[in-house]
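Residue numbers (my numbering), protein chains in the order written: chain A, 189 to 540; chain B, 189 to 540.
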DNA sequence: CAATTTCATCGTAGCGCTATGATGAATGAA
DNA sequence: TTCATTCATCATAGCGCTACGATGAAATTG
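So, in structure tokens, the structure goes:
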């Protein structure tokens with residue numbers, strides 16, 4: 189086994205700087221069991237005898253052993269990591285979902301590897317590629333709109349994939365979310381039911397944010413179907429911020445001075461509209477009814493309080509976690525429900 | 189080398205289900221080079237000849253090879269992962285920092301492993317423990333307040349550690365942030381300079397959020413030092429939300445009916461105060477001057493616009509990334525500046 | 001032209017762990 | 001008692017990659 193002349197390198201000349209890390213082997217030695225038993229204890233504590241378990245626990249404690257999940261992941265051909273890719277973590281919607289999801293996964297010993305694509309499809313593909321490099325237990329993406337290459341990569345990897353915050357198309361694997369056109373339709377329906385006929389939808393960055401665009405077109409369709417003589421969509425090229433809301437209101441009033449109902453693609457925009465109305469003395473809801481989307485923090489408290497549509501970002505997070513955990517525990521239950529509709533709720537407040 | 193009788197297991201009986209994963213070996217074979225060369229090409233493309241590089245690139249493309257970073261991390265004894273632990277990702281401050289940090293790290297091929305501690309010290313220790321299990325390239329924590337055990341773990345690991353969003357104590361390794369008492373003092377100073385004397389500081393969850401508590405005490409000290417006859421701190425036990433702001437204002441008016449200056453530990457609370465004032469017809473800034481903290485999205489747009497203190501969450505993210513990258517590239521430049529003060533800026537608007 | 005240095009490339013030994021099946025003792029059934 | 005079954009524990013072979021030093025050819029020097 190040793191020897192080997194000729195071109196074979198002599199083994200004495202080489203030596204990797206042996207890390208002085210505490211390994212499972214050290215624990216095993218101290219506890220006087222084999223490494224396998226330590227490994228077993230760590231993964232399934234009930235499978236080893238109580239006596240051995242105690243010895244091992246004591247040894248771990250004494251040595252301050254920290255398991256190396258990288259090695260474990262390599263050996264097990266799958267790491268306990270779930271890779272989540274969202275357009276932007278600054279967005280309160282996704283922050284909520286990620287937060288919930290993270291808690292649910294952490295409870296089962298899964299870590300979260302986070303990426304944000306900033307709404308770029310090419311960016312996303314690169315992120316998916318690195319995500320897969322970690323042999324993740326699952327990959328979570330936002331929306332159903334991905335490049336063919338991304339879909340191919342993910343399908344080939346055989347890793348569980350959940351697409352969230354959108355349903356209505358063909359998912360790569362599983363999907364949790366709601367229908368954005370329906371949200372738009374609900375908003376329009378609500379304004380129509382309040383007797384409003386001159387409607388405007390205000391959105392931002394809708395060329396990139398496909399889901400906002402879907403809400404807009406759902407709104408327009410329902411508005412026209414409901415007999416609204418005016419039903420415009422106005423887009424702001426920048427991000428969906430409060431400031432954008434003010435700008436959008438002004439543009440809207442120019443284009444349609446008689447408007448009496450406004451839906452926004454986002455509560456932040458609605459808040460901007462609300463402030464601009466305060467500034468200009470436009471009465472809400474008397475002169476203009478206002479409905480947002482997101483049910484953010486401030487929506488109950490603002491003056492007047494904001495009618496909005498709640499997408500339940502936390503529920504989405506919870507359901508995504510449930511699907512992932514189910515798939516990990518039962519990899520072959522492929523017949524399980526793969527698409528979950530978390531629906532949306534319209535919350536009527538004072539602004540309509 | 190083979191054979192081996194007695195208790196030695198025969199090798200034919202065992203066979204790990206060889207994954208049909210495309211490995212570096214496959215790429216090497218197709219490109220007719222050794223695996224070492226492929227590895228070298230992937231890490232330092234300039235170190236291989238252009239001809240070989242092209243062959244390898246073509247082979248990678250043909251096979252759809254995705255490198256296994258888990259294996260790489262194990263071999264290199266350090267993964268290209270930076271572990272970030274924040275109290276809450278829902279908090280806009282941290283979302284901003286994490287977002288910036290993530291972009292900066294991604295540009296250098298580093299991934300982000302995210303954890304949130306929900307302001308629990310025990311929670312944090314568990315998170316640090318799992319974080320270290322990934323042999324991360326660096327660990328980023330929030331604040332300087334950590335359990336002794338956490339500090340010990342991190343120091344023993346010899347992993348670069350950055351504590352962010354707070355300076356003024358002894359960091360474990362490096363720190364990027366600003367002084368919270370100074371922020372409180374600035375707020376008090378500003379209100380005093382506007383002739384306000386009956387001051388109140390409104391905060392939430394200050395038993396857990398030590399940094400908010402520091403802002404409060406900095407405020408109280410400066411207020412008293414500046415001769416304010418009234419200078420109270422009022423705490424809300426729940427989260428720092430817009431709704432909490434309204435509740436806090438009402439409590440404040442009960443405790444100190446004559447108050448004429450309010451500082452809030454957070455712009456969200458300030459926004460709640462602002463709305464409650466609108467509701468109750470309290471004129472800002474005439475009757476009460478209001479200053480927040482955070483310079484969130486809405487602060488420019490609200491009515492009246494909000495005087496606030498900007499902590500520069502994105503700058504913190506950038507500086508943290510810089511420190512980490514410097515340390516990774518030059519692990520022994522231990523003499524480098526370890527504490528960076530990103531300072532704060534008071535932005536005067538209409539509310540004071 | 002020999003001696004030295006550079007350069008691209010290569011072969012191999014781990015990195016620390018888990019999966020697999022083996023082993024032998026203890027237990028139950030026949 | 002004898003054989004089958006359960007149970008806790010173990011030995012070993014990789015998982016896919018990178019670091020290390022080796023190798024031989026080409027370029028440079030004396």
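Ideal placement from N, C-alpha and C gives every residue a C-beta, glycine not left out.
Among the residues facing chain A, residue 353 of chain B is not included, as its CB has no counterpart in that chain under 8 Å away. Taking C-beta separations shorter than 7 Å and ignoring five residues to either side along the sequence, the partners of residue 398 of chain A in its chain run 331, 333, following chain order. Nearest CB-CB separation between residue 488 of chain A and chain B: below the 8 Å threshold. DSSP places residue 463 of chain A inside the alpha helix (DSSP H), whose first and last residues are 455–468. A direct Cα-Cα distance of roughly 9 Å separates residue 242 of chain B from residue 219 of chain B. When secondary structure is reduced to three states using DSSP, residue 256 of chain B falls in the coil class, being assigned neither helix nor strand. Rounded to the nearest whole angstrom, the C-alpha separation of residue 342 of chain A and residue 527 of chain A is 17 Å. Contact note: residue 321 of chain B reaches chain A through 254, 255, 256, 257, using a C-beta cutoff of 7 Å and chain order. Between residue 418 of chain B and residue 391 of chain B, the C-beta spacing is not below 8 Å. Taking every protein chain shown into account, the CB of residue 394 of chain A has 16 or more other CB atoms within 10 angstroms, so this residue is buried.
For residue 347 of chain A, no Cβ of chain B is located within less than 8 Å of the residue's own Cβ. Its Cα nearest to that of residue 373 of chain B, the residue B:497 stands out among B:430, B:497, B:274, B:468. Only those residues of the region 442–465 of chain B whose C-beta falls short of 7 Å from the nearest C-beta of chain A are listed: 456, 459, 460, 463. Taking CB atoms only, residue 424 of chain A has no neighbour in chain B less than 8 Å away.
Contact of residue 344 of chain B with chain A is assigned, a C-beta pair being separated by under 8 Å. Excluding sequence positions up to five before and after residue 366 of chain A, its CB lies within less than 7 Å of the CB of 355, 499, 529, 530, 531, 532, all in the same chain and listed in chain order. Taking the Cα of residue 216 of chain B as reference, the smallest distance to any Cα among B:491, B:306, B:247, B:349 is reached at B:247. In this structure, DSSP gives residue 333 of chain B a state outside helix and strand, which the three-state scheme calls coil. Within the region 308–332 of chain B, the residues whose Cβ lies closer than 7 Å to some Cβ of chain A are 317, 318, 320, 321, 322, 323, listed in chain order. Counting along the chain, residue 504 of chain A sits inside the alpha helix (DSSP H) bounded by residues 501–517.
Closer than 8 Å to the CB of residue 535 of chain A there is not a single CB belonging to chain B. Taking 8 Å as the CB threshold, residue 296 of chain B stays off the interface with chain A. Counting along the chain, the unbroken alpha helix (DSSP H) around residue 213 of chain B starts and ends at 212–219.
Contact of residue 500 of chain B with chain A is not assigned, every C-beta pair being separated by 8 Å or more. What residue 485 of chain B touches in chain A, judged by beta-carbon distance under 7 Å, is 429, 430, 456, going in chain order. Not flagged as an interface residue toward chain A: residue 482 of chain B, since no C-beta distance is shorter than 8 Å.
For residue 246 of chain A, the secondary structure class from DSSP, reduced to helix, strand or coil, is helix. For residue 209 of chain B, there is no enclosing alpha helix (DSSP H), as DSSP gives it neither H nor E. Using a Cβ-Cβ cut-off of 8 Å, residue 474 of chain A does not count as an interface residue toward chain B, since no Cβ of chain B sits closer than that to its own.
Note that the C-beta distance between residue 429 of chain A and residue 485 of chain B is below 8 Å.
Exclusion of the five residues before and after residue 221 of chain B leaves 240 as the residues of its chain whose Cβ lies within less than 6 Å of its Cβ. In terms of Cα proximity to residue 273 of chain B, the closest of B:353, B:447, B:237, B:464 is B:353. If you draw a 10 Å sphere on the C-beta of residue 517 of chain B, you find fewer than 16 other C-beta atoms in it, and that means exposed.
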